[in-house]
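Undergrad: Sharing a structure, written as C-alpha cells. Questions coming.
There are 2 protein chains.
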Amino acid sequence: MRITRLVSQDVRFPTSKTLAGSDALHPSPDYSAAYVTLETDDPQGLKGNALSFTAGRGTEVVIAGIHAFAPFVVGRTLEDIVHDFRGFWRSLVGDGQLRWIGPEKGVIHLAASAVINAVWDLYAKSEGKPLWKLLVDMSPEQLVSSIEFRYLSDALTPDEALEMLKTNYSTRRLRETEMKAIGYPAYTTSVGWLGYADSKLEQLCQEAIAQGWNYAKIKVGGNLDDDIRRSRLVRKQLGPDRKLMMDANQAWDVGTAISWMKKLAQFDPWWIEEPTSPDDVWGHGVIARALDPIGVATGEQCQNRVIFKQLFQLNAIRFCQIDACRLASVNEVIPVMLMAAKFGVPVCPHAGGVGLCEYVQHYSLFDYIAVSASLENRVVEYIDHLHEHFVHPVKIRDGHYMPPTAPGFSITMRPESVAEFEFPNGPAWKR
Amino acid sequence: MRITRLVSQDVRFPTSKTLAGSDALHPSPDYSAAYVTLETDDPQGLKGNALSFTAGRGTEVVIAGIHAFAPFVVGRTLEDIVHDFRGFWRSLVGDGQLRWIGPEKGVIHLAASAVINAVWDLYAKSEGKPLWKLLVDMSPEQLVSSIEFRYLSDALTPDEALEMLKTNYSTRRLRETEMKAIGYPAYTTSVGWLGYADSKLEQLCQEAIAQGWNYAKIKVGGNLDDDIRRSRLVRKQLGPDRKLMMDANQAWDVGTAISWMKKLAQFDPWWIEEPTSPDDVWGHGVIARALDPIGVATGEQCQNRVIFKQLFQLNAIRFCQIDACRLASVNEVIPVMLMAAKFGVPVCPHAGGVGLCEYVQHYSLFDYIAVSASLENRVVEYIDHLHEHFVHPVKIRDGHYMPPTAPGFSITMRPESVAEFEFPNGPAWKR
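Put into C-alpha cells, the structure is as follows:
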C-alpha cells in the first residue's frame, strides 16, 4: 500500500465563547486541530488520519510544518515504513535542514507528530486492530526496534527496554481481559475551568460525583483568594476521600509556586500540575521537594523525551503527563513510558483538547498491559467536550475509559465536522 | 511613527553546494533567513529589519509564524511599544492561543525574535544609533523595565539586575572608548567544516593564522578516527598556544560524549561545543564534570532563558553561547547575559549562519561595556561568508570585531541580494 497524497486541514472550534478550556495562561482558547489525512492507493480506500491539537491562532503555522514533511511520506509504501519505523521517524525528526527550526520541539515536532501518528493510524487500520491492540501484539523486539533511544542511554538502554517488555509479555492477556471488562480509570477536568463562576463550579461538581467520578481537577494560579475560595468549595463537594487535583498551567515562578501552594495545602491536593515553565526541570525538582507530600505533575507542554528523561533523573515529578501530540508519536511516547516505569513514576496522560482523549486511551491501555502492569496512582484525564466530532469517540463507563474496538487510533474526524469548522472558510466561521 | 505593514521574505543561499556549514547533524544546510521588514509612516521612509537564521527547508514555516505576529505590530506606534517594551514582548510571546505551539521555543520563538528584533532595529535607527550604543546609553532602570524576568526569579531578580547594571554604569565610557579603538576579540570557525578534505583544512588553517587568528574551531562527532586525524592536523598548524575549539553539534549521547572527548583530550581543546541534545541540561552537567578541564559550551539551539538559567544553576557550561535569533530578541538576551555575569560564565555568542555575526557584535559590545566589564575567556564567533548581502557588514580587524557605527542592528539586507536569492522564485533558484 502506497501513500499517494497528504491532505491537511485547519479545524477550529469556537470554545472561547463559553470559556471551556480557560486557565491562567490561556484565558480564551479556541480548541483546534491541524488535521492530517494520508491517502493511499489501497483498493478499499484506506486512509491514515491524525491531528495535532492547538489553541486557535497558530494552527496555520503547524499546517505549514506538516506540509514541510509531506515529501517524507508521499510515495512511500506502508510496508517500507513499518519495516524500519525508527529510520522513518529519524528521517523526519532528524532532517538536516528542518531540525534547525526545532530541534524536536514546538511547531516542527507537533507537525512531525501528526504526520507520523497518521502512519500509525494507517498501520493499525491495515491490520484491522485498534492501535493499543496492535502495540500489545507486537513482540518486544519489534517494539524496541521501532522506538527512539537517541539521547536516552544514560537513563534507558535498548537492552533494558527489551528486558522490561519481556517481563510482562507472558501475562499480558490477563490484563487485556481485565481492561476489556472494567476499562482504565479516568478523572475529570470539566468542573473547574478558571472562567467558570462559583455556582457553576458547584453544580458541575455535584453532577460529576453523581456520574461516579472520584477525582476532580480545578485550575488555579490566577488569584490566590479566588483559589482558596474555589478549592474550599470543591473540597466540600468532594468530601475527604475523593481526590482533588490542581493545575496552574505554568503561572508561577519557582518561589511563587511553593508559597502559593502552601496556602492551598489545607485542601489536600493530590497533585499540583504545571506549577512553572515546562522547560524548568530543575525548578520542578525544587518545587517537588518543598511541597512534598503534594505531588508535582507535568508533561502536556514538555517538548520531547529528553525533558522527561531529566524530570525522572532529578526526581522532579510524581506524575508523568505524556501528551499524544507534543511527543512525536508512538515512537517517542513508548520510550517515555518505559523510562517512567523504570523510575517508578506513574503515567497519567494529559487529555481533553480536541481528540486527546481519543488518542491517549490507547497509550494507557498499552502502558498497563505491556509496560507498567500497574494501575496504582494512574488515571487518564477526561474532558466531556468535542467528542461528537469523531467517528469513534471515547466510551466512558463508571469513570473508566472502555477499550476502543474499531481499527486505528480513534482519531478520524467526521467529515461533516471538518467541513463545518474548517478555518476560516467553514460555515461555523463564516457566520 | 506608526508601523504600517509587515513584509516577510524567504531568502535562501545554496551553501549546500560547497559544504560550508556542514556538521555531524546538518550535513548539507542551505543557510537561509526568514527576513522581516516593518514599514512605517515615517516621512523619511524609515524601516525596521530583522531576520531569523534557518537552514533551508522550514524557512517557510518560520515565515508562517512571523505572519501570525503581524497583527501584534501593525498599527502600533514605535513610541507606544518602546514605552512598555516588556509588555509588548509579552503580548507576542505570551499570547494565550499562540503560546500553545511553543511555548517560547522552536518556530514560534524564532518568529517572535525576528518581529521584535525588527522593532529594536527601527528603534535604534530612529535614535540614529547602532543598537549596542542605544543599549549602552539606556539607564539601568530603562533596561530593567524592558527585559523579561518571568521564570527567572530563583536565579535573578529585577533588583539584582538593576544593581549589576548600576555597578558598571559610571565606568562605561572607558570601555566604550577601548572598544572603538581595538574592537572585540573574535574566533574563526571557517577552517573546520566536517565536509572539508584534510588538504583544505590545512590550507585554511595556515591562511587563518596568517590573518592573525588565535583561535580555531573544528567540527567533530562524525567518525572518531577522522576526528583524531583532523584534530592532530589542526593542532600542529596552530602550535601549542593558540586555542582549539571542537563542536559536535549534538551528535552524542551523554556517555559517548565523555568517552569520545577523552580520546580527543590529547589535542588540548579549549571547549567542546554542543556535546549532546541542547535540551539536556543535566546531561551537560554530567559531561562538564567528567571532562574538566575541557570546558563545555552550548547555546545556539538553547530555546530560551529558562534553559540557560538551569545551565547556570547546575554549573553545566563554562561558555554561554547565546544566539541572536533563537532567544526572543534583546528583551530575552539581556537577562541571559545578566545571569551569565552573576554566575561567572563568559558569554561567547554563536555566530556565522546568515547575519548572526552582524547581530551578535552588538550584544558582546553591550555585554562588555554594561554587564560583564570583562574580556576574560570571551570571544565572538566569526565566519567569513555571506556578509556581502548586508548593507552594513561586520568589520574585522586583527581578529577583532570593530564596533558598528551605522544606526540600527546591522541586519538590513541589500535589496539586490534579497531579490536574487528569494525562494523559490529568485533568479538564483530559478536557474
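Those sequence lines, one after another, are chains E and Z. Per this note's numbering, residue 408 is the first one in the first sequence, and the count goes up by one each step. Per this note's numbering, residue 408 is the first one in the second sequence, and the count goes up by one each step. The beta-carbon is built from N, C-alpha and C at its ideal position, and this holds for glycine as well. For clarity, every value in this text was computed on a predicted model and none was experimentally measured.
Kindly indicate if chain Z contains any beta-carbon less than 8 Å away from that of residue 711 of chain E.
TA: Taking the first sequence and counting its residues from 1, the one referred to as residue 711 of chain E is at position 304. Answer yes: the Cβ-Cβ gap between residue 711 of chain E and chain Z drops below 8 Å somewhere.
Undergrad: Determine the closest residue to residue 712 of chain E out of E:679, E:463, E:693, E:747, with distance taken between C-alpha atoms.
TA: Taking the first residue of the first sequence as 1, we reach residue 712 of chain E at position 305. Of E:679, E:463, E:693, E:747, the residue nearest in Cα terms is E:747.
Undergrad: Could you say which of E:665, E:590, E:700 lies nearest to residue 690 of chain E if we only look at CA atoms?
TA: Position 283 of the first sequence, counted from the first residue, corresponds to residue 690 of chain E. When only C-alpha atoms are compared, the closest one is E:665.
Undergrad: If you draw a straight line from the C-alpha of residue 524 of chain E to the C-alpha of residue 496 of chain E, how long is it?
TA: For the purposes of this step, residue 524 of chain E is taken as residue 117 along the first sequence, with counting starting at 1. For the purposes of this step, residue 496 of chain E is taken as residue 89 along the first sequence, with counting starting at 1. When rounded, the distance between both Cα atoms is 10 Å.
Undergrad: Could you work out which residues of chain A lie near residue 461 of chain E, taking near to mean beta carbons separated by less than 7 Å?
TA: Any reference to chain A falls outside this structure, whose protein chains are E and Z.
Undergrad: Using a Cβ-Cβ cut-off of less than 9 Å, list which residues of the stretch 493-525 of chain E approach chain Z; keep chain order.
TA: So the close ones are 501, 502, 503, 504, 505, 506, 507, 508, 509, 510, 511, 512, 513, 514, 515, 516, 517, 518.
Undergrad: Could you say if the stretch 499-515 of chain Z and the stretch 435-450 of chain Z meet the contact criterion of at least three C-beta pairs nearer than 8 Å?
TA: With a cut-off of 8 Å, the stretch 435-450 of chain Z and the stretch 499-515 of chain Z do not count as touching, because too few Cβ pairs lie within range.
Undergrad: Would you report the Cα separation of residue 779 of chain Z and residue 572 of chain Z, rounded to the nearest angstrom?
TA: Position 372 of the second sequence, counting from 1, holds the residue named residue 779 of chain Z. Position 165 of the second sequence, counting from 1, holds the residue named residue 572 of chain Z. Residue 779 of chain Z and residue 572 of chain Z: Cα-Cα distance of roughly 9 Å.
Undergrad: Look up residue 442 of chain E in the DSSP assignment and give the residues it is bridged to.
TA: Taking the first sequence and counting its residues from 1, the one referred to as residue 442 of chain E is at position 35. According to DSSP, which records beta bridges pairwise, residue 442 of chain E is partnered with E:416, E:458.
Undergrad: Do you know whose CA, among Z:736, Z:611, Z:673, Z:460, lies nearest residue 595 of chain Z's CA?
TA: Here residue 595 of chain Z corresponds to residue number 188 of the second sequence, with the count starting at 1. If we check each option's Cα against that of residue 595 of chain Z, Z:611 comes out closest.
Undergrad: Which chain E residues are close to residue 558 of chain Z, counting only those with a beta carbon under 7 Å from its beta carbon?
TA: By 1-based counting over the second sequence, the position of residue 558 of chain Z is 151. Those within 7 Å of residue 558 of chain Z in chain E are 660, 683, 684, 687.
Undergrad: When the cut-off is 8 Å and only beta carbons count, does residue 440 of chain Z lie next to chain E?
TA: Position 33 of the second sequence, counted from the first residue, corresponds to residue 440 of chain Z. Not closer than 8 Å to any Cβ of chain E, the Cβ of residue 440 of chain Z fails to qualify, so no.
Undergrad: Output the distance between the C-alpha atoms of residue 626 of chain E and residue 426 of chain Z, rounded to the nearest integer angstrom.
TA: Within the first sequence, residue 626 of chain E is the residue found at index 219, counting from 1. Within the second sequence, residue 426 of chain Z is the residue found at index 19, counting from 1. Spanning the two alpha carbons is a distance of roughly 51 Å.
Undergrad: Cβ atoms of residue 415 of chain Z and residue 440 of chain Z: under 8 Å apart, would you say?
TA: Position 33 of the second sequence, counted from the first residue, corresponds to residue 440 of chain Z. Position 8 of the second sequence, counted from the first residue, corresponds to residue 415 of chain Z. No.
Undergrad: Compare the C-beta of residue 829 of chain Z against all C-beta atoms of chain E and say whether one is closer than 8 Å.
TA: Looking up residue 829 of chain Z in the second sequence gives position 422. No, residue 829 of chain Z lies away from the interface with chain E (no Cβ there is under 8 Å from its Cβ).
Undergrad: Using the Cβ count rule (16 or more neighbours within 10 Å means buried), how would you classify residue 716 of chain E?
TA: As a working note, residue 716 of chain E is residue 309 in the first sequence. The residue is buried, with at least 16 neighbouring Cβ atoms inside 10 Å.
Undergrad: By how many angstroms is the C-alpha of residue 787 of chain Z removed from the C-alpha of residue 643 of chain Z?
TA: Against the second sequence, residue 643 of chain Z aligns to sequence position 236. Against the second sequence, residue 787 of chain Z aligns to sequence position 380. For residue 643 of chain Z and residue 787 of chain Z, the distance between alpha carbons rounds to 23 Å.
Undergrad: Going along the chain, which residues of its own chain have a beta-carbon closer than 8 Å to the beta-carbon of residue 684 of chain E, five neighbours each way excluded?
TA: Locating residue 684 of chain E in the first sequence gives position 277, where the first residue counts as 1. Counting only Cβ-Cβ distances below 8 Å, and skipping sequence neighbours, we find 657, 690.
Undergrad: Answer yes or no: does any C-beta atom of chain E fall closer than 8 Å to that of residue 472 of chain Z?
TA: For the purposes of this step, residue 472 of chain Z is taken as the residue at position 65 of the second sequence. So yes, residue 472 of chain Z belongs to the interface.
Undergrad: Please name the residue in Z:704, Z:725, Z:476, Z:429 whose C-alpha comes closest to that of residue 601 of chain Z.
TA: Taking the first residue of the second sequence as position 1, residue 601 of chain Z is located at position 194. Cα-wise, what sits closest to residue 601 of chain Z is Z:429.
Undergrad: Between the alpha carbons of residue 794 of chain Z and residue 475 of chain Z, how many angstroms are there, rounded?
TA: The count along the second sequence starts at 1 and reaches residue 794 of chain Z at position 387. The count along the second sequence starts at 1 and reaches residue 475 of chain Z at position 68. Their backbone Cα atoms lie some 29 Å apart in a straight line.
Undergrad: For residue 432 of chain E, which residues in chain Z fall below 9 Å Cβ to Cβ?
TA: On the first sequence, residue 432 of chain E is found 25 positions in, with the first residue counted as 1. In chain order: 501, 503, 506, 510.
Undergrad: Is it buried or exposed, residue 577 of chain Z, if we count other Cβ atoms within 10 angstroms and call 16 or more buried?
TA: Counting from 1 along the second sequence, the entry for residue 577 of chain Z is found at position 170. Classification of residue 577 of chain Z: exposed, given that the 10 Å Cβ count is below 16.
Undergrad: Can you give the Cα-Cα distance for residue 517 of chain Z and residue 632 of chain Z, rounded to whole angstroms?
TA: By 1-based counting over the second sequence, the position of residue 517 of chain Z is 110. By 1-based counting over the second sequence, the position of residue 632 of chain Z is 225. Cα to Cα, residue 517 of chain Z sits roughly 36 Å from residue 632 of chain Z.
Undergrad: Quick check: residue 436 of chain E and residue 462 of chain E, are their CB atoms within less than 8 Å of each other?
TA: Residue numbering aside, residue 436 of chain E sits at position 29 when the first sequence is read from its first letter. Residue numbering aside, residue 462 of chain E sits at position 55 when the first sequence is read from its first letter. Result yes, Cβ atoms of residue 436 of chain E and residue 462 of chain E sit closer than 8 Å.
Undergrad: So which of E:760, E:768, E:798, E:783 has the shortest CA-CA distance to residue 423 of chain E?
TA: Sequence index remark: in the first sequence, residue 423 of chain E carries index 16 (1-based). Nearest of E:760, E:768, E:798, E:783 to residue 423 of chain E, Cα basis: E:760.
Undergrad: Of the residues Z:579, Z:501, Z:548, which one's Cα is nearest the Cα of residue 565 of chain Z?
TA: Position 158 of the second sequence, counting from 1, holds the residue named residue 565 of chain Z. Comparing Cα-Cα distances from residue 565 of chain Z to each of Z:579, Z:501, Z:548, the minimum goes to Z:548.
Undergrad: Are any of the Cβ atoms in chain E nearer than 8 Å to that of residue 696 of chain Z?
TA: By one-based count along the second sequence, residue 696 of chain Z stands at place 289. So no, residue 696 of chain Z is outside the interface.
Undergrad: Given this structure, state the Cα-to-Cα distance separating residue 681 of chain Z from residue 504 of chain E, to the nearest angstrom.
TA: In the second sequence, counting from the first residue as 1, residue 681 of chain Z sits at position 274. In the first sequence, counting from the first residue as 1, residue 504 of chain E sits at position 97. Near 17 Å, if we compare the C-alpha coordinates of residue 504 of chain E and residue 681 of chain Z.
Undergrad: In chain Z, which residues lie with their C-beta within 8 Å of the C-beta of residue 588 of chain E?
TA: As a position in the first sequence, residue 588 of chain E is number 181, starting the count at 1. Chain Z residues near residue 588 of chain E: none, gap ~37 Å exceeds 8 Å.
Undergrad: Using a Cβ distance threshold of 8 Å, determine whether the stretch 808-817 of chain E contacts the stretch 765-785 of chain Z, with at least three qualifying pairs required.
TA: With a cut-off of 8 Å, the stretch 765-785 of chain Z and the stretch 808-817 of chain E do not count as touching, because too few Cβ pairs lie within range.
Undergrad: Sorted by chain position, which residues of the same chain lie with C-beta nearer than 8 Å to residue 714 of chain E's C-beta, five sequence neighbours on each side aside?
TA: Within the first sequence, the letter at position 307 stands for residue 714 of chain E. Closer than 8 Å at the Cβ level, and outside the excluded window around residue 714 of chain E, lie 685, 686, 688.
Undergrad: Residues of the stretch 718-745 of chain E in Cβ contact with chain Z at a cutoff of 9 Å, in chain order, please.
TA: Cβ contacts with chain Z: 720, 721.
Undergrad: Identify the contact partners of residue 469 of chain E in chain Z, using a Cβ-Cβ distance below 8 Å as the criterion.
TA: Here residue 469 of chain E corresponds to residue number 62 of the first sequence, with the count starting at 1. Neighbours of residue 469 of chain E on chain Z, chain order: 508.
Undergrad: So, with DSSP's three-state summary, where would you put residue 765 of chain E?
TA: Position 358 of the first sequence holds residue 765 of chain E. Correct three-state label for residue 765 of chain E: helix.
Undergrad: Got a sec? Which residues, its chain only, sit under 7 Å from residue 825 of chain E by beta carbon, not counting five neighbours each side?
TA: Stepping through the first sequence from its first residue, residue 825 of chain E is reached at position 418. Excluding residues within five positions, the ones whose Cβ falls inside 7 Å are 416, 418, 442.
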